[in-house]
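Comments concern the structure below.
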Amino acid sequence: LRLSFVHRAMKQQVWSSQHHLQCQASFKVAILGAAGGIGQPLSLLIKMSPLVSTLHLYDIANVKGVAADLSHCNTPSQVLDFTGTSELANSLKGVDVVVIPAGVPRKPGMTRDDLFNINANIVKTLVEAVADNCPGAFIHIISNPVNSTVPIAAEVLKQKGVYDPKKLFGVTTLDVVRANTFVSQKKNLKLIDVDVPVVGGHAGITILPLLSKTRPSVTFTDEEVNDLTVRIQNAGTEVVEAKAGAGSATLSMAYAAARFVESSLRALDGDGDVYECSFVQSDLIDDIPFFASRVKLGKKGVEALISSELQGLTEYEQKALEALKHELKASIEKGVKYAQKQA
Ligand code: NAD
Ligand code: LMR
Numbered sequence: 072l073r074l075s076f077v078h079r080a081m082k083q084q085v086w087s088s089q090h091h092l093q094c095q096a097s098f099k100v101a102i103l104g105a106a107g108g109i110g111q112p113l114s115l116l117i118k119m120s121p122l123v124s125t126l127h128l129y130d131i132a133n134v135k136g137v138a139a140d141l142s143h144c145n146t147p148s149q150v151l152d153f154t155g156t157s158e159l160a161n162s163l164k165g166v167d168v169v170v171i172p173a174g175v176p177r178k179p180g181m182t183r184d185d186l187f188n189i190n191a192n193i194v195k196t197l198v199e200a201v202a203d204n205c206p207g208a209f210i211h212i213i214s215n216p217v218n219s220t221v222p223i224a225a226e227v228l229k230q231k232g233v234y235d236p237k238k239l240f241g242v243t244t245l246d247v248v249r250a251n252t253f254v255s256q257k258k259n260l261k262l263i264d265v266d267v268p269v270v271g272g273h274a275g276i277t278i279l280p281l282l283s284k285t286r287p288s289v290t291f292t293d294e295e296v297n298d299l300t301v302r303i304q305n306a307g308t309e310v311v312e313a314k315a316g317a318g319s320a321t322l323s324m325a326y327a328a329a330r331f332v333e334s335s336l337r338a339l340d341g342d343g344d345v346y347e348c349s350f351v352q353s354d355l356i357d358d359i360p361f362f363a364s365r366v367k368l369g370k371k372g373v374e375a376l377i378s379s380e381l382q383g384l385t386e387y388e389q390k391a392l393e394a395l396k397h398e399l400k401a402s403i404e405k406g407v408k409y410a411q412k413q414a
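Just add 71 to wherever you are in the sequence shown, counting from 1, and you've got UniProt numbering.
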């Protein structure tokens, strides 16, 4: 870990553009929930990736038009559409990365956990199909509540006998994207330089930005730390309230998810220097089986959990870490119990 993560990110960009000129990678990506608020802009961003040969768009309705529209973009990947459960299996055959933004979003006044009753079953059904049709794929779960839907997915994969904890990811990239944006605004830093790790989970106080580990090194007053932490934790709600009943973050989420897909594809393509924060099976915190931290990505998924950023925390961060454990553990257990009961 000699290079700073910022330098790694810059190196990744240079490496990746040089690499793209030299060879054409050809990965297949499937998006389940592709006609939705996240699904559509995410599909567009992935259509722009030089690493993708085929883009499979699946939804229960309205996906034909989205696919026809996207297919006119003169980027190399081929776009195929799949509608309804009868076409779900085919949408997953031969796929390297499956992204799941299917499910209902929040309205003002709701918590992410209020989505559990509807989204738990959607994620369960979709992951069963993933297990049957592309068990070796990286699985990116966006559907909320992520703190419970990822454990549900893990249980379903275990029940099907194909669980590989290194390949199941809760997408928390939006928390990092927000943290980087808000910190750079507050401290007048160039955005490209800023990198804030965000750990824990993806709901309220379980979202824990480690501001003391910001790259480049920055000093914050106690008030700035508190303001930034609370804003990052409530950023999803900020968008839900601004949209006033019309849904939650879609564009920034699509941007964040596309970054996570691109990082996964670079890792699959052999780049040995890819790091992202993600909510994954983890042994970094006692008694909390899933935890978001920075991870090193490789061809086989998570190559390493980066524990160093959890050392030397400030008193504020240490207290916030203690405070999130109860809620995070309960949300994980809720997901596990749900999946076991359905089995
Ligand atoms: P949306 O309602 O606009 O779109 C959801 C899509 O899912 C729709 O097109 C719908 O037809 C589809 N869908 C529903 N059931 C399905 C099924 N069984 N199979 C396939 N597709 C199905 O919602 P959205 O704004 O795109 O949000 C989707 C989810 O993402 C929500 O649960 C939201 O809370 C979550 N989200 C997560 C993050 C994050 O950081 N992880 C950020 C934003 C939103
Ligand atoms: C977000 O962080 O924007 C998402 O989890 C959506 C939400 O409900 O806030």
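Positions of the beta carbon are idealized from the N, C-alpha and C atoms, including for glycine.
Cβ neighbours of P222 in the same chain (closer than 7 Å, five flanking residues each side left out): F361, I403, G406 and V407
Where F361 falls: helix, strand or coil (DSSP): strand
CB-CB length for K178 against V311, believed under 8 Å: 7 Å
Local conformation of P216 per DSSP, three classes: coil
Which of helix, strand or coil DSSP assigns to Y234: coil
Cβ shell of D152 (< 6 Å), same chain only, five flanking positions each side left out: L128, V134, K135 and A138
Rounded C-alpha distance that separates G165 from F98: 9 Å
Residue environment, V301, which counts as buried when at least 16 other CB atoms sit within 10 Å: exposed
Neighbour-count burial assignment, C94, 16 or more Cβ in a 10 Å radius: Low confidence applies here, because C94 scores a pLDDT of 48, under 50, leaving its location unreliable and the question unanswered by this model.
Distance between beta carbons of I210 and L239, contact taken as under 8 Å: 5 Å
heavy atom of the ligand NAD below 6 Å from D130 C-beta: yes
Residue(s) in a DSSP beta bridge with Y346: K367
Neighbour-count burial assignment, T290, 16 or more Cβ in a 10 Å radius: exposed
Simplified DSSP state of A328, which is helix, strand or coil: helix
Spatial neighbours of L74 in its chain, beta-carbon cut-off 6 Å, leaving aside the 5 residues before and after: A caution first: L74 carries a pLDDT of 38, below 50, which makes its placement in the model unreliable, though a value can still be read off. Closer than 6 Å at the Cβ level, and outside the excluded window around L74, lies no residue.
Nearest-angstrom beta carbon gap, G104 and A208 [assumed within contact, 8 Å]: At roughly 16 Å, the Cβ-Cβ gap does not stay under 8 Å, so A208 and G104 are not in contact.
Per-residue burial, N145 [other beta carbons within 10 Å of its own, 16 or more giving buried]: exposed
Cβ shell of L92 (< 7 Å), same chain only, five flanking positions each side left out: Caution applies to L92, whose pLDDT of 45 falls short of 50 and renders its modelled position unreliable; the value that the coordinates give is listed next. No residues qualify anywhere along the chain.
Heavy atom of the ligand NAD within 6 Å of L262 beta-carbon: no
A306 classed as buried or exposed, judged by whether at least 16 other C-beta atoms fall within 10 angstroms: buried
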